[in-house]
Every structure is written in C-alpha cells, then in structure tokens.
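To get our numbering, take the position in the sequence shown, counting from 1, and add 196. Here the structure is laid out as structure tokens; the discussion comes afterwards.
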Amino acid sequence: MYGVKQLWLARLKKIAGPDGHWLALAGVALLWLTPTKGYVPLILWVAGLYGLWNWRKLAAAWNNVAGWCFALGLVWAVASVAWSFYPMGSGRDLVKSLPMVAATMALPAIFDRPTRIWNALLVSAGVVSLKLALDLWRLWAALGWSALLTESRFYHPYLYNHPNVSSMMAGLAALVFGVRLLAGGQHRKWRALLVLGLLVDLLYLEVLASRGPQLVFALVVLSLPLALLPSKRVRVVAALLAAAIGVGLWCAAGSINPRFEDRTMKHYNDRDTIWGHSWLLVTKRPIVGYGFGKKAFEKAVYENPELRGPRVRFHYPHAHSYWLMVPFQGGFVALALWGAGWLALGGRLAYRMCRWTAQAPPAWRARVQVRLLPALLGAGVMFILVYGIGDYPDNAIRHAQFYLAGLIMALTRPAVPEADA
Numbered sequence: 197m198y199g200v201k202q203l204w205l206a207r208l209k210k211i212a213g214p215d216g217h218w219l220a221l222a223g224v225a226l227l228w229l230t231p232t233k234g235y236v237p238l239i240l241w242v243a244g245l246y247g248l249w250n251w252r253k254l255a256a257a258w259n260n261v262a263g264w265c266f267a268l269g270l271v272w273a274v275a276s277v278a279w280s281f282y283p284m285g286s287g288r289d290l291v292k293s294l295p296m297v298a299a300t301m302a303l304p305a306i307f308d309r310p311t312r313i314w315n316a317l318l319v320s321a322g323v324v325s326l327k328l329a330l331d332l333w334r335l336w337a338a339l340g341w342s343a344l345l346t347e348s349r350f351y352h353p354y355l356y357n358h359p360n361v362s363s364m365m366a367g368l369a370a371l372v373f374g375v376r377l378l379a380g381g382q383h384r385k386w387r388a389l390l391v392l393g394l395l396v397d398l399l400y401l402e403v404l405a406s407r408g409p410q411l412v413f414a415l416v417v418l419s420l421p422l423a424l425l426p427s428k429r430v431r432v433v434a435a436l437l438a439a440a441i442g443v444g445l446w447c448a449a450g451s452i453n454p455r456f457e458d459r460t461m462k463h464y465n466d467r468d469t470i471w472g473h474s475w476l477l478v479t480k481r482p483i484v485g486y487g488f489g490k491k492a493f494e495k496a497v498y499e500n501p502e503l504r505g506p507r508v509r510f511h512y513p514h515a516h517s518y519w520l521m522v523p524f525q526g527g528f529v530a531l532a533l534w535g536a537g538w539l540a541l542g543g544r545l546a547y548r549m550c551r552w553t554a555q556a557p558p559a560w561r562a563r564v565q566v567r568l569l570p571a572l573l574g575a576g577v578m579f580i581l582v583y584g585i586g587d588y589p590d591n592a593i594r595h596a597q598f599y600l601a602g603l604i605m606a607l608t609r610p611a612v613p614e615a616d617a
C-alpha cells in the first residue's frame, strides 16, 4: 500500500508540480473566464481533493489564529441551518458554497511558493482584463464615443451581472498589474502587456462610473505606499502626500465621475433603507442571526410576518453591506469570528512582511521587493473588505475575496519538508 501511495503521489506531483504547473494555471484561467459556468464547481472540487492529498501543507498553512477563526465561522454557518428563518434555503446556499471552501483551503498546496502565487495572480488579472477589453469594445460598438461615458453603466447585459462587480474586478486586476510593474525585471514585451492591461482596467473603472469601486480603489492605491515603503520617515511623508491627494480627488470627484453629484447620492439609491431595515432585524436576533445565505435573507426581509418588508424601488437579495450581512446571517457570533479572522490574517501578513524586510539585503530596492507580493495580497483583501462597508461582495468578488485569502495563507505558510508534503 505504501508503494502505491508513493506512486500516485509522484504522479500527482508531476501533474501539479514544476512540470505541470500549467494545469493549475489553466484551471485558474477557466475559473475567471466563466466564473458562473457549470464546470467551475468541478474545477474547485478537483483543487480541493488535491489539497486533501497534500494535507500536511494545508495543516501548516491554516493552523493559525486566522485559520481557526475561519474554521469556526464555517462551523457556525453550518450550524445556523438549525435556526435559519429558511432552513432549506440556507442548506442549498451552503452546498453551493462548498466547492469554493474546498478550493480555498487547497490553495496553499497548489501555489506553494511566491513565483507560483505571482503566476496565479497574473493569469487571473490577464483573463479578467481580456474580458474587460472585449466588453469595452462591445460598449463602444453599441454606444459610440459620445455615449460611452454616460450610458455604459446602464447598458445590458452586464459582464459580471452588475457594474459594481465588473468595476471591482477591474480594480483588482489593476492592482496586480501595477504592483507587478513596480517589481521590474520583466522583458520589454511583458512590461508592455502589463501597461496595456493596467490601462484597460483603469479605463473600465472610469467608463462604468461605479462610485463605490472608484472611491475604494483610490483609497487603496493611496494607502499602498505605506505598505511598500520600508522606512518609517518615508512612510510619514507618503501618508501626508496621500492625504493631500485624497482631499484633492474628493473635491474633484464630481468632475471625474458626475454620478458623485447626482440625486442618488442623497440616500445612496435607497440603500440607507435596506441598511436600516436589516439592522433592525439583526437587533431582534443579535446572537444567532437568521441563517446562512441570501435565500434566508430574502425570506426574513420580505416574508417576515413580524415586520413588513422595506419600501424600496429595488429588490435587494442581500443587506448591501458585507459587515451587515455577516451578523444578519450568524449574529454577532459570526461577526466576531469573521472579523477576528480577517484581522488575524492581516496581522499575520504584516508580521511576515516585517520579518522578510528585516532579513532582506540593506539596499532600499531589495527591501521594497520583498514587500511587493504581501502588500499586493493585503491591498486586494483590503479593497474588498472596505468596499464591503457599503456593498456585499457577491459573485466574482466573493470568489476573489477567498481566493486572495487562500493565497495569503500560501505565502505565509511555514516550510514543510518535501518528504512530508
């Protein structure tokens, strides 16, 4: 039996190891090419099974405070079916989420070194940017230059089911290309492709005119130097400069995107109503919430015999805020677990980044280089979580949120002897 196991392990390593790393990247490309297609769960399950085969790497990666908090959060989500406002709906949403959970846990075993993490990020950003470029072409062909900036947001069908989702994906891809350009060392042709991808992403952000993604993207970009620069004095100067630029951008927001000055800003397109209604319901079940998933949310909000549904112009399938949706689903227990998990993940990444900086050669550029990848991953998660204050990261953004979390665990994973891996 031992010989058979070693034989299969060698075959799997050949498929997903140095000679077959392309297979994992092909799966990543398919995931971001069509994230809602029926074959995506199969890809995620295959990734999860490969991770289980390399369980020692998974244990090393997730055996920390962040991993424990996330694990307890998942257990609490499963338990919430017992008291869910709509148990069948919560159960279905949980089953649909299992492939993503399995693949997220497996990422430290698949992309188990910085070069592979970079490759995964670049392939992801490349596929997303290609889709965005094709969508820009479609919008231009249908609307023309004159209406491109004013009508694109309202032109159906949407690339990622909503302009905010598409804009968030553009922002994430732009971060990848921008930080990779800072890394340097690429061939001239690769640099040209990185610049082209970055320009496509920034143009898409402007054309779709989604205020939330634009606002948070600017915040993250202005904050990024604070994570990249190794000198405390330089970081202070960068912070002051970023604050000044931020104030200037806010004052000019109406010129950059006229939607910052339209009437929907007054009540955030009725979002204040759904936020208030959701919070009212949370206060009625503050400990356990109403059960996991959007189906339980819709049932509790719109079919609740104890409280009439909110009077809004749109049907909201979620609380339109990540930090409100979490306690709505699992009460303040879930909020504590997931909040602590994200904080611990950020703290773990920051601690490792400081250690790597201290171990790097004293040259300023070398110290910046070791901070690029962790800063990029942290910026990506920050982009989504800060955006989650005013919206719920759903669909492709949800995939990206946990994709980045898994890659952070991969980057910060303690070394595992190859014989045990």
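A virtual CB, placed ideally from N, CA and C, is assigned to each residue, including glycine.
Rounded to whole angstroms, what is the Cα-Cα separation between residue i and residue j?
{"i": "residue 512", "j": "residue 470", "result": "8 angstroms"}
{"i": "residue 265", "j": "residue 381", "result": "38 angstroms"}
{"i": "residue 586", "j": "residue 519", "result": "8 angstroms"}
{"i": "residue 560", "j": "residue 546", "result": "18 angstroms"}
{"i": "residue 535", "j": "residue 343", "result": "42 angstroms"}
{"i": "residue 276", "j": "residue 487", "result": "5 angstroms"}
{"i": "residue 538", "j": "residue 262", "result": "7 angstroms"}
{"i": "residue 478", "j": "residue 527", "result": "7 angstroms"}
{"i": "residue 423", "j": "residue 383", "result": "26 angstroms"}
{"i": "residue 407", "j": "residue 345", "result": "13 angstroms"}
{"i": "residue 215", "j": "residue 522", "result": "Note on residue 215: pLDDT 47, under 50, position unreliable in the model; no value is reported."}
{"i": "residue 278", "j": "residue 287", "result": "10 angstroms"}
Less than 7 angstroms between C-beta atoms, sequence neighbours within five positions excluded: which residues of the same chain meet that for residue i?
{"i": "residue 305", "result": "246, 247, 250, 253 and 254"}
{"i": "residue 228", "result": "320, 323 and 324"}
{"i": "residue 441", "result": "418"}
{"i": "residue 224", "result": "316, 319 and 320"}
{"i": "residue 212", "result": "Summary for residue 212: the model assigns pLDDT 49, below 50, so the residue's position carries little reliability, and this model does not support an answer."}
Beta-carbon within less than 6 angstroms of residue i's beta-carbon, same chain only, minus the 5 sequence neighbours each way: which residues are those?
{"i": "residue 609", "result": "256, 257 and 304"}
{"i": "residue 349", "result": "359, 404 and 405"}
Buried or exposed: which applies to residue i, given that a residue is buried once 16 or more other Cβ atoms fall within 10 Å of its Cβ?
{"i": "residue 292", "result": "exposed"}
{"i": "residue 432", "result": "exposed"}
{"i": "residue 509", "result": "exposed"}
{"i": "residue 468", "result": "exposed"}
{"i": "residue 360", "result": "buried"}
{"i": "residue 507", "result": "exposed"}
{"i": "residue 453", "result": "buried"}
{"i": "residue 385", "result": "exposed"}
{"i": "residue 607", "result": "buried"}
Would you please state the rounded distance, in angstroms, between the beta carbons of residue i and residue j? I believe it to be under 8 angstroms.
{"i": "residue 416", "j": "residue 524", "result": "That pair is no contact at about 26 angstroms."}
{"i": "residue 296", "j": "residue 592", "result": "About 11 angstroms; that fails the 8 angstroms criterion."}
{"i": "residue 601", "j": "residue 582", "result": "Not a contact, Cβ separation roughly 15 angstroms."}
{"i": "residue 374", "j": "residue 401", "result": "In fact, because the Cβ distance is near 12 angstroms, the residues do not count as touching under 8 angstroms."}
{"i": "residue 409", "j": "residue 363", "result": "4 angstroms"}
{"i": "residue 302", "j": "residue 243", "result": "5 angstroms"}
{"i": "residue 485", "j": "residue 530", "result": "6 angstroms"}
{"i": "residue 565", "j": "residue 379", "result": "7 angstroms"}
{"i": "residue 588", "j": "residue 514", "result": "4 angstroms"}
{"i": "residue 338", "j": "residue 354", "result": "Not really, about 13 angstroms apart at Cβ, beyond 8 angstroms."}
Who are the Cβ neighbours of residue i in its own chain at under 8 angstroms, not counting the five residues just before and after it?
{"i": "residue 557", "result": "563"}
### Message
Under 8 angstroms, with one C-beta from each stretch per pair, do the stretch 314-326 and the stretch 385-396 reach the 3-pair mark?
### Response
yes
### Query
Are the stretch 271-289 and the stretch 480-500 in contact at 8 angstroms, needing three or more beta carbon pairs?
yes
#### Entry: Validate contact between the stretch 492-508 and the stretch 572-585 using beta carbons, cut 8 angstroms, 3 pairs
no
### Query
Is it true that the stretch 311-318 meets the stretch 217-224, where meeting means three or more beta-carbon pairs spaced less than 8 angstroms apart?
yes
### Task
For the stretch 265-279 and the stretch 548-564, state whether three or more C-beta atom pairs, one from each stretch, are separated by less than 8 angstroms.
no
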